[in-house]
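Chemist: With this note's numbering, letter number 14 in the sequence shown gets 17, and the count goes up by one each step, no holes.
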Amino acid sequence: METHREEARLVLGLGNPGGRYADTRHNLGFRVVDELAQRLGVQPGLDVCGALWASNDRVDLAMPQTYMNRSGYSARCLSERNGYAPGNILVVYDEVHLPLGRLRLRGKGSPGGHRGMESVIENLRTTAVPRLRLGIAPDEAAAAEARRGEDLPDFVLAPFSADEMGTAERMVRRAADCALSWVDHGVDVTMNEYNG
């Protein structure tokens, strides 16, 4: 296993592969990586460690092509292959416990019931993995209902409504801004600017 290179950073967007899932709430992590790729002038396409991967002199990008609950395989394989320390991997994913449009960046913590993040933590063997969660609940009441787990799979695998689309697009752009701030300034500075 390669030793960790302090400067090596990876933004790992979580989602499900295939056109059928492309516009669902559960694929926001992929959409953020696509936005970053466009801004950085790279195209994730190389299949590395079961993920679409692209590299830029500023940051590397990846989208695991396993299903959500197996995302950790790619995280571990890429970490071993490219020397990312767990603290230098930013995992980006949807969060049903946050209202639509809200971002929440953390440097570590539990997976909070998210299967993709659960898999990443299990494979990297640490909870000290930065994560950027993107709110997908229509409002506070829906977020509270989601915490009870009712109809959760149907909800996360559905597309945004026409009324929600504008908010979702703005959130993706803001999440890309947040990810680049994390690359340049780290978790603490970026949390102060983007959380809330």
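Virtual Cβ for every residue (Gly too), placed ideally from N, Cα, C.
Measure the CB-CB distance between E38 and A179 and report whether it falls below 8 Å.
Modeler: The answer is yes: Cβ separation under 8 Å.
Chemist: Between the beta-carbon of R12 and the beta-carbon of Y87, is there less than 8 Å?
Modeler: For R12 and Y87, yes; Cβs fall inside 8 Å.
Chemist: Taking Cβ to Cβ, would you say C213 is nearer than 8 Å to L101?
Modeler: This structure gives no information on residue 213, because the portion of the chain shown stretches from 4 to 199.
Chemist: Who does E98 pair with in a DSSP beta bridge?
Modeler: Per DSSP, G138.
Chemist: Quick check: what's the CA-CA separation for L17 versus L137?
Modeler: One C-alpha to the other measures close to 11 Å.
Chemist: Based on DSSP bridge pairs, tell me the residues matched to M202.
Modeler: Given that the chain is displayed from residue 4 to residue 199, the structure contains no residue 202 and the question cannot be resolved.
Chemist: Would you mind reading off the limits of the beta strand (DSSP E) that contains R109?
Modeler: Segment 106–109, the beta strand (DSSP E) holding R109.
Chemist: With distances taken Cα to Cα, identify the nearest neighbour of R128 among R118, R109, P89.
Modeler: R128 has its Cα closest to that of P89, out of R118, R109, P89.
Chemist: Just to check my reading of the structure: P47 and V36 have Cβ atoms closer than 8 Å, yes? What is that Cβ distance to the nearest angstrom?
Modeler: 6 Å between Cβ atoms; contact.
Chemist: In terms of DSSP beta bridges, what is P162 paired with?
Modeler: For P162, which the question treats as bridged, DSSP gives the partners T27.
Chemist: In the DSSP output, which residue or residues are listed as bridge partners for D233?
Modeler: Since the displayed the chain opens at 4 and closes at 199, residue 233 lies outside it and no answer follows.
Chemist: Going along the chain, which residues of its own chain have a beta-carbon closer than 7 Å to the beta-carbon of V186, five neighbours each way excluded?
Modeler: Within the same chain, V186 has close Cβ partners R12, R61, V62.
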